[in-house]
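**Student:** Handing you this structure, nothing more for now.
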Amino acid sequence: MAAEKNKEKVVLAYSGGLDTSVMVKWLQLEKNLDVVAICGNVGQDAQDLTWIEKKALGMGAVYSKALDMRSEYAEDFLTKAIAANGMYEDTYPLLSALSRPLIVKHLVDIAHETGASYICHGCTGKGNDQVRFESSIHALDPELKILAPVREWDLHTREDEMEWAKQHGVPVPTTAAKPYSLDENLWGRAIECGALEDPWKEAPADIYTLTADPMSAPDEPEEVVLGFEQGKPVSLNGKKMDLLSLIIKMNKIAGKHGYGRLDMIEDRVVGIKSHEVYECPGSLAIINMHKALETMCLDGVTLQYKHMIDQQWATTVYNGLWYSQLKQALDAFCADTQKFVTGQVKAKFYKGSMTVTGRKSAYSLYDYSLATYGEGDTFDRSASKGFIELHTLAATTWSKTQGPAAEYELQKQSENVHVA
Ligand code: ARG
Numbered sequence: 001m002a003a004e005k006n007k008e009k010v011v012l013a014y015s016g017g018l019d020t021s022v023m024v025k026w027l028q029l030e031k032n033l034d035v036v037a038i039c040g041n042v043g044q045d046a047q048d049l050t051w052i053e054k055k056a057l058g059m060g061a062v063y064s065k066a067l068d069m070r071s072e073y074a075e076d077f078l079t080k081a082i083a084a085n086g087m088y089e090d091t092y093p094l095l096s097a098l099s100r101p102l103i104v105k106h107l108v109d110i111a112h113e114t115g116a117s118y119i120c121h122g123c124t125g126k127g128n129d130q131v132r133f134e135s136s137i138h139a140l141d142p143e144l145k146i147l148a149p150v151r152e153w154d155l156h157t158r159e160d161e162m163e164w165a166k167q168h169g170v171p172v173p174t175t176a177a178k179p180y181s182l183d184e185n186l187w188g189r190a191i192e193c194g195a196l197e198d199p200w201k202e203a204p205a206d207i208y209t210l211t212a213d214p215m216s217a218p219d220e221p222e223e224v225v226l227g228f229e230q231g232k233p234v235s236l237n238g239k240k241m242d243l244l245s246l247i248i249k250m251n252k253i254a255g256k257h258g259y260g261r262l263d264m265i266e267d268r269v270v271g272i273k274s275h276e277v278y279e280c281p282g283s284l285a286i287i288n289m290h291k292a293l294e295t296m297c298l299d300g301v302t303l304q305y306k307h308m309i310d311q312q313w314a315t316t317v318y319n320g321l322w323y324s325q326l327k328q329a330l331d332a333f334c335a336d337t338q339k340f341v342t343g344q345v346k347a348k349f350y351k352g353s354m355t356v357t358g359r360k361s362a363y364s365l366y367d368y369s370l371a372t373y374g375e376g377d378t379f380d381r382s383a384s385k386g387f388i389e390l391h392t393l394a395a396t397t398w399s400k401t402q403g404p405a406a407e408y409e410l411q412k413q414s415e416n417v418h419v420a
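In the UniProt record's numbering, the protein residues as written are 1 to 420.
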């Protein structure tokens, strides 16, 4: 490293885009810091991210690295998201919220290795990602200082930024500005802003890159079989594979059939409602198939209770509290429930939909001899009468004293008085 002696260092979460490129220079010039630029590969579009390293070094960063975090993302973050059926507001599979704490973990490690005293991110002051970055940094090392230039600098428009970039030797994009704010990783793709700011307008067809238009998706349905062990996907169509490869494959299959588009109004941590469009072919397919297996392997009350835990898990992660006591405890609950979520789920993709068509498990709580209306029924019907009496005892007592049965009694009495 060509770092100057005594100069403090900052680890920058670097994407290679305009904002964080301007930051590479801005941190040197305005804050007199040596810049360590780190890009986390969490499965975003580009395969080869070495151009990002070169770009940062070209602008004077003392060190730059694109780190492949994909396996760790799948194993340590997405496995937990699947166990918790992680979907914020019962809809959004948390792709951005899940990647931030992982990226931060690496930034903090690198800050420790390089002796940096600052971490810098490129998030805006209105979004969730600033909250996730900073709460993760606070949790992992409260001593580290945080820089969020977008909240501080006076480059308010893209034109201001382009102008500053030109003056300071930061390569400016030659293509027109992307009309949306995008985020992408293994768990899906988020599209915000631009034309989407009018929540009544249908999202333009050209914003999607991971999913086919359902109308032009294949005319033949495609069936997949997903194998789970203790709540973790371990095989696809009978082939064992690691979670990373499985997610990549599932994204392809589901995406080809136009499955996984979401269009929602979402509640941000900072209190703003925003219109969000997502494409989440693999994540939604996996979570929904996991849910289907849970309905077979968990008993009714546990399923209902777990739904509340799942919602709390999603809200906690969405709110940036991956590294928190509550999140850890919720993980423990989910992990315990997954002990017997082992088996297979079948589903069919067809023109934008996915329908679960079968499930089986060696630990299934579905008991044919209890469920059947045909031959081999072992359910004791004679027990039902007494069960229903006790099951409804409290409600019947209430009804006779305060509820509809009592009202009926009163009405009868007043009619009798009338007639007399
Ligand atoms: N609304 C989503 C979330 O908060 C997606 C955010 C995507 N980030 C972005 N810079 N576009 O998790």
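All C-beta atoms, glycine included, are put in the ideal place defined by N, C-alpha and C. Given the structure is predicted, the values throughout are model-derived calculations rather than measurements.
Considering N319, what are the terminal residues of the beta strand (DSSP E) in which it resides?
**Tutor:** That residue, N319, is in no beta strand (DSSP E); it is neither H nor E in DSSP.
**Student:** Can you tell me the Cβ-Cβ gap for C39 and G60, rounded? I've got them flagged as a contact below 8 angstroms.
**Tutor:** C39 to G60, Cβ: 16 angstroms. No contact.
**Student:** Tell me, please, whether the stretch 296-315 touches the stretch 51-65 by the rule of three or more beta-carbon pairs shorter than 8 angstroms.
**Tutor:** No: fewer than three Cβ pairs fall under 8 angstroms.
**Student:** Quick check on the contact list: which residues have their beta carbon closer than 6 angstroms to a heavy atom of the ligand ARG?
**Tutor:** That gives S96, A97, N128, D129, S181, L182, D183, A190, E192, E266 and E276.
**Student:** Among the candidates L98, G122 and S21, whose CA atom is the shortest distance from the CA of L57?
**Tutor:** Ranking L98, G122 and S21 by Cα distance to L57 puts S21 first.
**Student:** Thinking S102 and E143 are a contact (beta carbons under 8 angstroms), I'd like their distance in whole angstroms, please.
**Tutor:** With the sequence shown as reference, residue 102 is identified as Leu, and Ser is not the correct amino acid for it. Rounded, the Cβ-Cβ distance is 21 angstroms, inconsistent with contact.
**Student:** Return helix, strand or coil for H168, following the three-state DSSP convention.
**Tutor:** Coil, per DSSP.
**Student:** May I have the straight-line CA-CA distance separating G125 from K291, to the nearest angstrom?
**Tutor:** So the alpha carbons of these two residues sit roughly 36 angstroms apart.
**Student:** With DSSP as the reference, label V104 as helix, strand or coil.
**Tutor:** Helix.
**Student:** Assess, as a yes-or-no matter, whether the stretch 300-309 is touched by the stretch 184-197 under the definition of 3 or more beta carbon pairs within less than 8 angstroms.
**Tutor:** As far as the Cβ criterion goes, the stretch 184-197 does not touch the stretch 300-309, which means the pair count is below three.
**Student:** Just confirm the distance between the C-beta atoms of L284 and P93, as a whole number of angstroms; I'd bet it's less than 8 angstroms.
**Tutor:** Between P93 and L284 the Cβ distance is about 6 angstroms, and since that is below 8 angstroms, they are a contact.
**Student:** Give the secondary structure of P281 by DSSP, where H, G and I count as helix, E and B as strand, and everything else as coil.
**Tutor:** Correct three-state label for P281: helix.
**Student:** I need the straight-line Cα distance from H138 to K9, nearest angstrom please.
**Tutor:** Near 18 angstroms, if we compare the C-alpha coordinates of K9 and H138.
**Student:** Which term fits N85, buried or exposed, when burial requires 16 or more other beta carbons within 10 angstroms of its beta carbon?
**Tutor:** Label assigned to N85: buried.
**Student:** Kindly give me the distance between the Cβ atoms of M296 and S369, rounded to whole angstroms, as I take these residues to be in contact under 8 angstroms.
**Tutor:** That belief does not hold up - the Cβ atoms of M296 and S369 are roughly 16 angstroms apart, past 8 angstroms.
**Student:** Does DSSP classify C297 as helix, strand or coil?
**Tutor:** Of the three classes helix, strand and coil, the one that applies to C297 here is helix, per DSSP.
**Student:** So P149 and T211 are in contact, right, with Cβ under 8 angstroms, and what is the actual spacing, rounded?
**Tutor:** That belief does not hold up - the Cβ atoms of P149 and T211 are roughly 34 angstroms apart, past 8 angstroms.
**Student:** Let me know the secondary structure DSSP gives T401 once reduced to three states.
**Tutor:** Reduced to three states, the DSSP call for T401 is helix.
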